[in-house]
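In my numbering, the protein residues as written are 3 to 1056.
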């Protein structure tokens, strides 16, 4: 009804705003019979929670350690984001201490209406521990709590009066941004850097990130209430859908810093951000048997430390600096000396004033093929001396081996490093609560270096205890818990690159071996980002004097006056509104749409301050009625109470929380002993509206309908119907004002087309009919080889096999489900993976599907819809096609098949084989490697003549074009000493393009699982990067880089 700005003003004035509040605290029981004997997935019935409907799905997640996963779907998400807390409990009736409880809070919306509870409990624990399963049935209790009843988690917006600080409003899924902005704001030196940004002459304030960030910080410093971030995200160029996607807080921090540094170029503050947050690493390589060492220095703004395998911050630092030996097939190539054994490690040469430590709590699980969250116990101290982890910067040295000590640094060097204090004090802890799929960020911050700790949780700010900051966020302490598996020997810490094209195995599964699984999982929150400040440089961070630019004060005062003026205008206009009019014809025409207005233009204008008799006069004039009664409609749309005709009572008191009025075409004054009912009849094929009536409450359901009928139902909101006894008295608790009663007559019920095909929608009662009408959708279907589109009305709970049977029937296919395979496609080039889908509800919002019939390959066989690309020169694709293969087909088998078909005409060793994901090479393959993932494209290249015999100084480097799919990835030959300019000229010749001036090359290296991009200048060479043996080249065709990562929505700030 109102725009965002007006809604915000209404909230400030305590009037009704755009975000409706809900108050519920509901627990449902989800029973799974025959749990151990069934494979699942298991789906609950609809779970009503206030005005919302949820469904729960339990899935047996198979792997080396099988787990039970839960997924909660919100079926009818509201227009505004819904803050909710959901907890799932599986009780152990024999051992209460074994009971498993996991609670997670989230913000659900139309764009994100699902919550995941992954790895909830191991299947082995459920099977072997008495008390979890009774008579073969597993019972899970699912509790849904609104933000109002879970104030300890979400709370209410706090004013500055209570704590001295204010929070930031969550726009939907912006808690990650709120937490990071609060951390940065409470570093006074950074706040001053932001205030010093040159914004006095900004032409477009709404699009200026520096100005909007200044205003946000200004409001955090001087506003009395929680501050909105809408103006800031608007300046980012974010659209509403961007607001509803939760990103990684470290990613947001890096992009924000990069954006601000770009804006500071050419100003007096150009180096201030880097001087505050930037430290330096050096990648050190030292040969074991010859006198050779190499150092490559790189800056960092945060250090990524591994939680898995470490229990303390000190252990994580030791792992970060651990030395790896390059030997065997992975030896280091030394110019002039060939392959050599060498030690490689990362060394910290300079720590920043403000040290940001990113605790890596998410890792890829190869067995489950998904990202999992690590909530392991990880201690961090209030203060830490890091001097022992700092090494003096060294220059590349190729001689004087005797000058090196066993630890590669002289005694004097150590003393020099330790002479500067490296003691750091903790000032901020950012916490992630939830799983890898859904969760919530909040922060604990010490605004004053010697002050108290406070929790900043979106709009809520409260004083925190020390245990909340530290021990409560260390994670799950499993030392005393019983394990599902015996303890395993802890392997020495090793570090692996994400990809290593020079080793046999590009991915080593052993690096992500899980620890023994504990049966109790009660902690889902843990520290994710730590901020420490150098003790000797605290005065540089916590400034005694801070200056707010005068132009900000002017802008703020101007906006304040504009807001006050709009508030006054709003108070004058807020009571002028339009209301929807509901009539009997709406109920009749909409058939099964419950109480919904058919014509949305059917409105009248109302002044809510006027007496209600004025409303009656308006309705009488507009609808030409003499005798009628007006009813207020409730939250579900049904009429609930009469709007009394009065010359004194303002109509606004009858319109609270609704914008719809029902016109009953009879005059009623007192309904204390009567009830308003609506009656429909159902003959097995159609529904007819019989009318509305006021009837005495002492009557029975039988008295509502005079014609013969066999069954009676109450129709409910959301497409549900409940059968009711005809003898039920209308005073029963289940009956209330404005109910719809449906009477099914004795005619023989009809059989739907879907019932004829696969047994669905046998319309034996009104409940089935409602399910067909309300819980179904139109699915557009076409063959991949034909343009004809057919529409099919299908139920959301239709199974995948039934859908295929319906498609076969509609298109007259020669499809035998016992012998053939029917592949289903949506948006992607590869078929949908349907084996773990319980029904077709996920296609509800689809633009349509395509199918392809594969004869003589059984549905149950594991097959690949393998896309294959052939290149005769390694740069241009000469052929593209699809082959249906059995899973784990070997490369040599594919070669033999294609050669037999005359697709390939050279010997097998004259080709190279690799898989491609998007625009990047995924994995190099050998003849015995097999294919098991058709989301990857198989690429077969004829090896160019100049790449068959490489010289010692020549290398093949994976090359990709992240921002241009027209150019496919390949292996590009480079040589030591070759410059970026020379490489671009070579690419210009290869791709036959006229201009590469806007192209730039990025060297992408990986160390300890962490990738780093460095843009090469024209005179730069790859020599330093070739030594890392994990190099890729990215070619960007424009000045704007774009992220291209798997299963990830790129975070952008324009």
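Ideal Cβ placement from N, Cα and C applies to all residues, glycine included.
Problem - Residue closest to residue 773, alpha-carbon to alpha-carbon, out of 717, 816, 803 - result: For the purposes of this step, residue 773 is taken as residue 771 along the chain shown, with counting starting at 1. Per the Cα distances, 717.
Exercise for the section: Compute the distance between the beta-carbons of residue 140 and residue 297, then report whether it is under 8 angstroms. Expected result: For the purposes of this step, residue 140 is taken as the residue at position 138 of the chain shown. For the purposes of this step, residue 297 is taken as the residue at position 295 of the chain shown. The answer is no: Cβ separation not under 8 angstroms.
Exercise for the section: State the DSSP-derived secondary structure class of residue 628, mapped to helix, strand or coil. Expected result: For the purposes of this step, residue 628 is identified with residue 626 of the chain shown, where counting begins at 1. In the structure shown, residue 628 sits in coil (DSSP, three-state: anything other than H, G, I, E or B).
Exercise for the section: Would you decide whether residue 457 is buried or exposed? Buried here means 16 or more other CB atoms lie within 10 Å of its CB. Expected result: The residue you call residue 457 lines up with position 455 of the chain shown. Buried, by the Cβ-count rule.
Handout entry: residue 384 to residue 428 span [Cα, whole Å]
Key = Start at 1 with the first residue of the chain shown, and residue 384 comes out as number 382. Start at 1 with the first residue of the chain shown, and residue 428 comes out as number 426. Taking the straight line joining both Cα atoms gives about 5 angstroms.
Exercise for the section: Identify whether residue 487 lies in helix, strand or coil by the three-state DSSP scheme. Expected result: Here residue 487 is taken as the residue at index 485 of the chain shown, counted from 1. For residue 487, the pLDDT reaches just 38, beneath the cut-off of 50, and the residue's location in the model is therefore unreliable, although a value from the coordinates is still provided. In the structure shown, residue 487 sits in coil (DSSP, three-state: anything other than H, G, I, E or B).
Handout entry: Cβ shell of residue 171 (< 6 angstroms), same chain only, five flanking positions each side left out
Key = What you label residue 171 is simply residue 169 of the chain shown in a count that begins at 1. Closer than 6 angstroms at the Cβ level, and outside the excluded window around residue 171, lie 228, 230, 461.
Practice task
With distances taken Cα to Cα, identify the nearest neighbour of residue 25 among 854, 89, 51, 654.
Solution key: The sequence position of residue 25 within the chain shown is 23, counting from 1. Looking at the Cα atoms, 51 is the closest of the given residues.
Practice task
For my contact list, residue 1028 and residue 974 are in at a C-beta cut-off of 8 angstroms; report their separation, rounded to the angstrom.
Solution key: Along the chain shown, one-based indexing puts residue 1028 at 1026. Along the chain shown, one-based indexing puts residue 974 at 972. The pair is not a contact, with the Cβ atoms about 13 angstroms apart (cut-off 8 angstroms).
Practice task
List in chain order: all unbroken beta strand (DSSP E) runs of 3+ residues lying wholly within the region 434 to 459.
Solution key: 441 to 447, 455 to 459
Practice task
Keeping to the same chain, check which residues put their C-beta closer than 6 angstroms to that of residue 354; ignore five residues upstream and five downstream.
Solution key: As a working mapping, residue 354 is identified with position 352 in the chain shown. Result list for residue 354: 279, 280, 281, in chain order.
Problem - residue 552 burial status per 10 Å Cβ neighbour count (16 or more: buried) - result: What you label residue 552 is simply residue 550 of the chain shown in a count that begins at 1. Under this definition residue 552 is an exposed residue.
Problem - Those residues which DSSP pairs with residue 281 across a bridge - result: If you number the chain shown from 1, residue 281 lands on position 279. 302.
Practice task
List the endpoints of the continuous beta strand (DSSP E) containing residue 579.
Solution key: Here residue 579 refers to the residue found at position 577 when the chain shown is read from its first residue. 578 to 584 is the extent of the beta strand (DSSP E) around residue 579.
Problem - Contacting residues, own chain, Cβ-Cβ under 6 angstroms from residue 339 (five flanking each side not counted) - result: Walking along the chain shown from the start, residue 339 turns up at place 337. Taken in chain order, the residues that qualify are 292.
Handout entry: Backbone secondary structure at residue 1039 - three-state DSSP
Key = Here residue 1039 corresponds to residue number 1037 of the chain shown, with the count starting at 1. In the structure shown, residue 1039 sits in coil (DSSP, three-state: anything other than H, G, I, E or B).
Practice task
Reducing DSSP to helix, strand and coil, say where residue 126 ends up.
Solution key: Position 124 of the chain shown, counted from the first residue, corresponds to residue 126. Reduced to three states, the DSSP call for residue 126 is helix.
Handout entry: Residues near residue 325 by beta carbon distance below 6 angstroms, same chain, minus five either side
Key = The count along the chain shown starts at 1 and reaches residue 325 at position 323. Once the five neighbours on either side are set aside, the close Cβ partners of residue 325 are 345, 347.
Problem - Assigned secondary structure, residue 68 (DSSP; H/G/I helix, E/B strand, else coil) - result: In the chain shown, counting from the first residue as 1, residue 68 sits at position 66. Coil, per DSSP.
Handout entry: Helix, strand or coil at residue 802 [DSSP, three-state]
Key = As a working note, residue 802 is residue 800 in the chain shown. The answer is helix: DSSP assigns residue 802 an H, G or I state.
Handout entry: Cβ neighbour criterion (16 or more within 10 Å) applied to residue 330
Key = Counting from 1 along the chain shown, the entry for residue 330 is found at position 328. Its Cβ having fewer than 16 others within 10 Å, residue 330 is exposed.
Handout entry: Coarse secondary structure for residue 235, derived from DSSP in three states
Key = Taking the first residue of the chain shown as position 1, residue 235 is located at position 233. Residue 235: helix per DSSP, three-state reduction.
Handout entry: Per DSSP, the bridge partner or partners of residue 430
Key = Locating residue 430 in the chain shown gives position 428, where the first residue counts as 1. For residue 430, which the question treats as bridged, DSSP gives the partners 447, 533.
Problem - Same chain, Cβ closer than 7 angstroms to residue 162, five either side skipped, listed in chain order - result: Taking the chain shown and counting its residues from 1, one reaches residue 162 at position 160. The answer, listed in chain order, is 168, 226.
Practice task
Check whether the Cβ atoms of residue 809 and residue 844 sit closer than 8 angstroms, and answer yes or no.
Solution key: Residue numbering aside, residue 809 sits at position 807 when the chain shown is read from its first letter. Residue numbering aside, residue 844 sits at position 842 when the chain shown is read from its first letter. Result no, Cβ atoms of residue 809 and residue 844 do not sit closer than 8 angstroms.
Exercise for the section: Give me the Cβ distance between residue 743 and residue 703, rounded to the nearest whole Å; I'm assuming they're in contact under 8 angstroms. Expected result: Start at 1 with the first residue of the chain shown, and residue 743 comes out as number 741. Start at 1 with the first residue of the chain shown, and residue 703 comes out as number 701. At roughly 7 angstroms, the Cβ-Cβ gap stays under 8 angstroms, so residue 743 and residue 703 are in contact.
Exercise for the section: Just the C-alpha distance for residue 1071 and residue 939, rounded to the nearest angstrom, thanks. Expected result: Lying before the first or after the last residue shown, residue 1071 is absent from the chain, which here runs from 3 to 1056.
Handout entry: For residue 208, three-class secondary structure by DSSP
Key = Residue mapping note: residue 208 aligns to position 206 of the chain shown, counting from 1. It is helical.
Practice task
Give the C-beta separation of residue 686 and residue 577 to the nearest angstrom, bearing in mind that I take them to be a contact with Cβ-Cβ under 8 angstroms.
Solution key: Taking the first residue of the chain shown as 1, we reach residue 686 at position 684. Taking the first residue of the chain shown as 1, we reach residue 577 at position 575. In fact, because the Cβ distance is near 49 angstroms, the residues do not count as touching under 8 angstroms.
Practice task
Return the chain-ordered list of same chain residues with a C-beta closer than 6 angstroms to the C-beta of residue 420, the five sequence neighbours on each side being excluded.
Solution key: Position 418 of the chain shown, counted from the first residue, corresponds to residue 420. Because residue 420 sits at a pLDDT of 44, beneath the cut-off of 50, its placement in the model cannot be relied upon, and the point is left open.
Practice task
Consult DSSP for residue 340 and reduce its assignment to one of helix, strand or coil.
Solution key: Counted from its first residue, the chain shown places residue 340 at position 338. Reduced to three states, the DSSP call for residue 340 is strand.
Handout entry: Residues near residue 910 by beta carbon distance below 7 angstroms, same chain, minus five either side
Key = Looking up residue 910 in the chain shown gives position 908. The residues are 894, 897, 929.
Practice task
Pull up the distance between the alpha-carbon of residue 856 and that of residue 972, whole angstroms please.
Solution key: On the chain shown, position 854 is the one that residue 856 refers to. On the chain shown, position 970 is the one that residue 972 refers to. Taking the straight line joining both Cα atoms gives about 32 angstroms.
Exercise for the section: Answer yes or no: do residue 621 and residue 605 have a C-beta to C-beta separation smaller than 8 angstroms? Expected result: Numbered from its first residue, the chain shown carries residue 621 at position 619. Numbered from its first residue, the chain shown carries residue 605 at position 603. Result no, Cβ atoms of residue 621 and residue 605 do not sit closer than 8 angstroms.
Exercise for the section: Take residue 942 and list the residues in its own chain whose beta-carbon comes closer than 6 angstroms to its own, dropping the five residues that flank it on each side. Expected result: Along the chain shown, one-based indexing puts residue 942 at 940. The residues are 872, 913, 915.
Practice task
Report the option in 646, 450, 182 whose CA atom is closest to the CA atom of residue 249.
Solution key: Residue numbering aside, residue 249 sits at position 247 when the chain shown is read from its first letter. Residue 182 is the option with its Cα nearest to residue 249.
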